[in-house]
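Below: the structure, in structure tokens.
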Amino acid sequence: MHTVQVLLLDDEPIVGQRLKGGLEKLGCEVETFENPLQAMARIAEKRFDIVITDIMMAEASGLQVLEAVRKTTPEAKVIVITGYATTALAREAMEKGAYDMIAKPFKPSDLRALVIRAMQDLGIPAPPAA
Amino acid sequence: MSSIAIVSAEEALGREIGLAVASELDYRLVTLKELLALTAHDQGLPAVQLEEVFRTGGFWRGRLTKKRLCGLARLEEQLCRLVSADRLVFVGYVGPELFSQISHVLRVLILGGKEKSREGEAARKWFRAVYGRDLEDARQYDLTVNRGTIEKAEAVRIIRDTLRHHKFSPMTYSRQCLVNLELSSRVKTLLVDAFPDVSVKAHDGSVWVYSAALNRGRQQTAAEVKQKVLGLEGVRYVEVYGSRKRFDEVACGQIR
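Heads up: the protein sequence lines correspond to chains A and B, in order. For the first sequence, counting from 1, position 11 maps to 11 in my numbering; every step adds exactly one. For the second sequence, counting from 1, position 27 maps to 157 in my numbering; every step adds exactly one.
This is how it looks when you write it as structure tokens:
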């Protein structure tokens, strides 16, 4: 059975720490990053099914990460999480190929629900516990 | 699903395109007149009271009078509910702030190529008085169609094809925005009779309320407002402000 590969990128370590466990409970294998450049380097060498990325980061923006994912693995689902959500940003992210966007703060269960939907759209059955 | 807001000072022009687009996409069409009728029905108000909102004269210091502000708040609340139901083509010029905050609503301006009608001039005047800007300022819209040079069928095709862009697709964020707007519109309707200058922001069940009448000297009134708002479905937390500056800092600082 295919294990869903998830890359989770947020420059605030607490975000990765809080979300990783919940995603692993869904049966996902999760790699967390705080640096977008390191995350993009990893994206270039490994195929991820789902990429969850923050937008506003010092070294590179989440939109650059989104573009990198679209180039290497266009079928991957990219979920944008941001504390600076606006209509313009939402449209830009969607135009660049984001799967969905969610504004911070959000409940971990909201993100899990999104990941389950992304898994289903990828043809991967959601875990029974979900 | 996405929705479409069609704005035209010339009512017949907007309705013609709205009808054709709704038919093409199998969306629900609601015109300004139907919005008035629906709101009157759902809120148990005489339709004539809501029609009064759109009278072009009678502005007090350039603003709507209290009674008309109350009517407008009810119309905007109804509009929020209609957009929440998806697959809507709304033809009318109320709620520009609402639509600008929902990324999955395509905002279309329809211009007429011929002479401007008297009703069209009245709509422009009303919009400027209420929203403080030009109804036909293209910067407020995602798409502008000039019916003077574009045929109806072509206009419908352009709108349909634009709507297919992924950026107008609903997403978790835009749905959250809509839920927040729906809640803030309900709170506004609840309070606008007593506080015509009320401003409301909502986020995930938290509500921030401003009225100059809720300043520090009126703590009892502020406490009563808080209790009243807490009684609404979906409200978990309320803060009230008598200072516009403080409200903008706190509420708008949290909600972009």
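In this text, a Cβ means the ideal position worked out from N, Cα and C, and glycines have one as well.
Residue i to residue j span [Cα, whole Å]
i                  : j                  : result
Tyr-271 of chain B : Ile-240 of chain B : 10 angstroms
Thr-319 of chain B : Leu-180 of chain B : 14 angstroms
Asp-11 of chain A  : Val-160 of chain B : 45 angstroms
Ser-214 of chain B : Glu-45 of chain A  : 42 angstroms
Cys-307 of chain B : Met-40 of chain A  : 30 angstroms
Thr-73 of chain A  : Gln-38 of chain A  : 17 angstroms
Arg-112 of chain A : Gly-144 of chain B : 42 angstroms
Val-221 of chain B : Leu-313 of chain B : 23 angstroms
Leu-165 of chain B : Ala-126 of chain A : 42 angstroms
Lys-70 of chain A  : Arg-18 of chain A  : Note that residue 70 of chain A is Arg in the sequence shown, not Lys. So the alpha carbons of these two residues sit roughly 26 angstroms apart.
Arg-158 of chain B : Thr-195 of chain B : 32 angstroms
His-296 of chain B : Ala-283 of chain B : 23 angstroms
Arg-346 of chain B : Gly-372 of chain B : 7 angstroms
Val-219 of chain B : Gly-62 of chain A  : 33 angstroms
Thr-186 of chain B : Gln-64 of chain A  : 49 angstroms
Val-260 of chain B : Val-183 of chain B : 10 angstroms
Ile-116 of chain A : Ala-98 of chain A  : 16 angstroms
Ile-14 of chain A  : Met-119 of chain A : 24 angstroms
Glu-245 of chain B : Glu-251 of chain B : 11 angstroms
Asp-68 of chain A  : Ile-43 of chain A  : Just to set this straight, residue 68 of chain A is Ala in the shown sequence, not Asp. In a straight line, the C-alpha of Ala-68 of chain A is about 8 angstroms away from that of Ile-43 of chain A.
Arg-294 of chain B : Ala-343 of chain B : 46 angstroms
Glu-354 of chain B : Met-301 of chain B : 36 angstroms
Glu-92 of chain A  : Thr-82 of chain A  : 13 angstroms
Arg-386 of chain B : Arg-305 of chain B : Low confidence applies to Arg-386 of chain B: its pLDDT is 46, below 50, so where it sits in the model is not reliable enough to give any reading.
Gln-5 of chain A   : Ile-124 of chain A : 11 angstroms
Tyr-376 of chain B : Asp-156 of chain B : Looking at the sequence provided, one finds Arg at residue 376 of chain B rather than Tyr. If you take the alpha carbons of Arg-376 of chain B and Asp-156 of chain B, they lie about 45 angstroms apart.
Asp-334 of chain B : Ala-60 of chain A  : 29 angstroms
Trp-256 of chain B : Leu-162 of chain B : 14 angstroms
Leu-175 of chain B : Arg-263 of chain B : 29 angstroms
Gln-350 of chain B : Asp-172 of chain B : 32 angstroms
Thr-279 of chain B : Thr-292 of chain B : 18 angstroms
Cross-chain neighbours of residue i in chain A, by beta carbon under 7 angstroms
i                  : result
Met-301 of chain B : Ala-90, Met-94, Asp-100 and Met-101
Ser-233 of chain B : Thr-87, Ala-90 and Arg-91
Gln-428 of chain B : Since the first residue shown for chain B is 131 and the last is 386, residue 428 of chain B is missing from the structure and cannot be characterised.
Lys-297 of chain B : Arg-91, Met-94 and Glu-95
Ser-230 of chain B : Thr-87
Cβ pair residue i, residue j closer than 7 angstroms
i                  : j                  : result
Glu-242 of chain B : Glu-146 of chain B : As written in the sequence, residue 242 of chain B is Gly, which differs from the Glu given in the question. No, the pair does not count as a contact, with Cβ atoms beyond the cut-off.
Tyr-84 of chain A  : Met-56 of chain A  : yes
Phe-48 of chain A  : Leu-9 of chain A   : no
Val-51 of chain A  : Ala-76 of chain A  : yes
Glu-29 of chain A  : Thr-53 of chain A  : no
Ser-336 of chain B : Val-328 of chain B : no
Val-339 of chain B : Val-370 of chain B : yes
Val-286 of chain B : Glu-154 of chain B : yes
Ile-289 of chain B : Val-235 of chain B : no
Tyr-367 of chain B : Ala-103 of chain A : no
Leu-114 of chain A : Ile-79 of chain A  : yes
Pro-326 of chain B : Leu-168 of chain B : no
Ala-324 of chain B : Asn-310 of chain B : no
Thr-87 of chain A  : Ser-299 of chain B : no
Val-322 of chain B : Tyr-223 of chain B : no
Leu-265 of chain B : Arg-254 of chain B : yes
Met-131 of chain B : Arg-211 of chain B : no
Glu-31 of chain A  : Leu-66 of chain A  : no
Within chain B, the residues that residue i reaches when beta carbons sit closer than 8 angstroms
i                  : result
Leu-114 of chain A : Thr-302
Contact set between residue i and chain A, taken where Cβ atoms lie within less than 8 angstroms
i                  : result
Gln-306 of chain B : Ile-102 and Ala-103
beta-carbon residue i near the ligand GDP non-hydrogen atom, thresh 6 angstroms
i                  : result
Val-368 of chain B : The model depicted lacks the ligand GDP and carries no ligand whatsoever.
Next item on the list: Ignoring anything shorter than 4 residues or poking outside the region 63 to 94 of chain A, list the alpha helix (DSSP H) runs there in chain order.
Entry: DSSP runs (the alpha helix (DSSP H)) wholly in the region 63 to 94 of chain A: none.
Next item on the list: Please confirm if the region 101 to 120 of chain A is in contact with the region 12 to 27 of chain A, defined as three or more CB-CB distances below 8 angstroms between the two stretches.
Entry: Yes, the region 101 to 120 of chain A is in contact with the region 12 to 27 of chain A.
Next item on the list: Check whether the region 227 to 236 of chain B touches the region 201 to 215 of chain B, counting contact only when three or more Cβ pairs, one atom from each stretch, lie closer than 8 angstroms.
Entry: Touching, per the Cβ criterion.
Check: So, do the region 352 to 372 of chain B and the region 317 to 332 of chain B have three or more beta carbon pairs nearer to each other than 8 angstroms?
Finding: Counting C-beta pairs closer than 8 angstroms gives three or more between the region 352 to 372 of chain B and the region 317 to 332 of chain B, which meets the contact rule.
Checklist line | Ordered list of beta strand (DSSP E) runs contained in the region 139 to 185 of chain B, each at least 3 residues | finding: Runs found: 158 to 161.
Next item on the list: Note down, one range per segment and in chain order, each beta strand (DSSP E) of at least 3 residues found wholly within the region 335 to 359 of chain B.
Entry: Whole beta strand (DSSP E) segments, 3+ residues: 336 to 340.
Item checked: Contiguous beta strand (DSSP E) assignments of at least 3 residues, all confined to the region 193 to 268 of chain B -> Within the region 193 to 268 of chain B, the runs of beta strand (DSSP E) that reach at least 3 residues and sit entirely inside it are, in chain order, 218 to 221 and 235 to 241.
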